[in-house]
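Colleague: All you need for our numbering is the position in the sequence shown, starting with 1, plus 23.
Just so it is clear, CB atoms sit at the ideal spot from N, CA and C, and this is done for glycine as well.
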Amino acid sequence: MVLCWKKVDCSLQMEEFKYLGVLFTTEGKMEHEIDRRIGADSEVLRMLYRTIVVKRELSQKARLSIYQSIYIPILTYGHEFWVVTERIRSRIQAAEMKFLCRVSGFTLRDRVRSSDIWERFGVEPLLLCIERSQLRWFRHLVRMPSGHLPRDVFQACPTGKRPQGRSRTRWRDYISRLTWERLSVPQE
Numbered sequence: 024m025v026l027c028w029k030k031v032d033c034s035l036q037m038e039e040f041k042y043l044g045v046l047f048t049t050e051g052k053m054e055h056e057i058d059r060r061i062g063a064d065s066e067v068l069r070m071l072y073r074t075i076v077v078k079r080e081l082s083q084k085a086r087l088s089i090y091q092s093i094y095i096p097i098l099t100y101g102h103e104f105w106v107v108t109e110r111i112r113s114r115i116q117a118a119e120m121k122f123l124c125r126v127s128g129f130t131l132r133d134r135v136r137s138s139d140i141w142e143r144f145g146v147e148p149l150l151l152c153i154e155r156s157q158l159r160w161f162r163h164l165v166r167m168p169s170g171h172l173p174r175d176v177f178q179a180c181p182t183g184k185r186p187q188g189r190s191r192t193r194w195r196d197y198i199s200r201l202t203w204e205r206l207s208v209p210q211e
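#1: Based on Cα-Cα distance, which residue from Phe-177, Val-126, Thr-99, Val-165 lies nearest to Lys-78?
#2: With H, G and I counted as helix, E and B as strand and the rest as coil, what does DSSP make of Glu-38?
#3: With Val-126 as the anchor, note down where its alpha helix (DSSP H) starts and where it stops.
#4: CB-CB under 6 Å to Leu-68, same chain, minus the five flanking residues each way: which ones, in chain order?
#5: Are the beta-carbon atoms belonging to Gln-83 and Phe-144 less than 9 Å from one another?
#6: Along the chain, where does the alpha helix (DSSP H) that runs through Phe-144 open and close?
#7: Count the other CB atoms within 10 Å of the CB of Met-53; is the residue buried (16 or more) or exposed (fewer)?
#8: With a cut-off of 8 Å, do at least 3 Cβ pairs link the region 89-106 to the region 181-200?
#9: Does the region 84-96 come close enough to the region 133-149 to have 3 or more Cβ pairs within less than 8 Å?
#10: Would you identify the three-state DSSP class for Met-70, choosing helix, strand or coil?
#11: From Phe-177 to His-163, what distance separates their C-alpha atoms?
#12: Leaving out five residues before and five after Tyr-94 in sequence, what residues of the same chain have Cβ atoms less than 6 Å from its Cβ?
#13: Cα-Cα, which of Glu-80, Glu-39, Pro-96 is closest to Ala-65?
#14: Can you give me the start and stop residues for the alpha helix (DSSP H) that Ser-156 sits inside?
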């Protein structure tokens, strides 16, 4: 592998490894990590629902505090590097709504809109928070002096032949589109 015009030896071959709690794979896809995060979130939801969330004495403010201090950090840990596709968007929103609907007492049969639930709790959509945080990381990355590994990796141009078929969306392309949509900054 060539990184910043310097050859880096990648002789150790691994399918996947965990670093600081985030799962990295050889393909560079984050779908497996996001699935793992959603699974961990569902497990936390089951445990909380059995013990704490169902208690009627618990105020809405306390339930919202549980949502913001326990549920959201588990779901979004390491989200700065995610390329959020439509499939991932719908899965994250479904996980978020699953918790908020259970806390508020709504079921799917009630047919309550997500926007009404967000408004009732006074929270903003989780996807909006994720995008804002990704843009914050991008601004931090751009301001980094050259020679720092994250910036060098961001600016690296991989060499070699890419596999056949449509190329996957790179994080660089995703964040460029996001800045264009959110900040009206022209794409490169």
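Modeller: Let me spell this out:
#1: By one-based count along the sequence shown, residue 78 stands at place 55. Of the listed residues, the one whose Cα sits closest to Lys-78 is Val-126.
#2: Your numbering for residue 38 matches position 15 in the sequence shown. Correct three-state label for Glu-38: coil.
#3: Here residue 126 refers to the residue found at position 103 when the sequence shown is read from its first residue. Run containing Val-126: 109-127, per the alpha helix (DSSP H) assignment.
#4: Reading the sequence shown from its first residue, position 45 is the one you call residue 68. Around Leu-68: Phe-122.
#5: Your numbering for residue 83 matches position 60 in the sequence shown. Your numbering for residue 144 matches position 121 in the sequence shown. Yes; because the gap between Cβ atoms is below 9 Å, this pair is in contact.
#6: Indexing the sequence shown from 1 puts residue 144 at position 121. Per DSSP, Phe-144 is one residue of the alpha helix (DSSP H) stretching across 137-144.
#7: Here residue 53 refers to the residue found at position 30 when the sequence shown is read from its first residue. Its Cβ being crowded by 16 or more others within 10 Å, Met-53 is buried.
#8: yes
#9: yes
#10: Taking the sequence shown and counting its residues from 1, one reaches residue 70 at position 47. In the structure shown, Met-70 sits in a helix (DSSP, three-state: H, G or I).
#11: The count along the sequence shown starts at 1 and reaches residue 177 at position 154. The count along the sequence shown starts at 1 and reaches residue 163 at position 140. Their Cα atoms are separated by approximately 12 Å.
#12: Position 71 of the sequence shown, counted from the first residue, corresponds to residue 94. Correct list, in chain order: Phe-122.
#13: Position 42 of the sequence shown, counted from the first residue, corresponds to residue 65. The sequence shown places Ser at residue 65, rather than the Ala named in the question. When only C-alpha atoms are compared, the closest one is Pro-96.
#14: As a working note, residue 156 is residue 133 in the sequence shown. Ser-156 -> alpha helix (DSSP H) spans 149-166.
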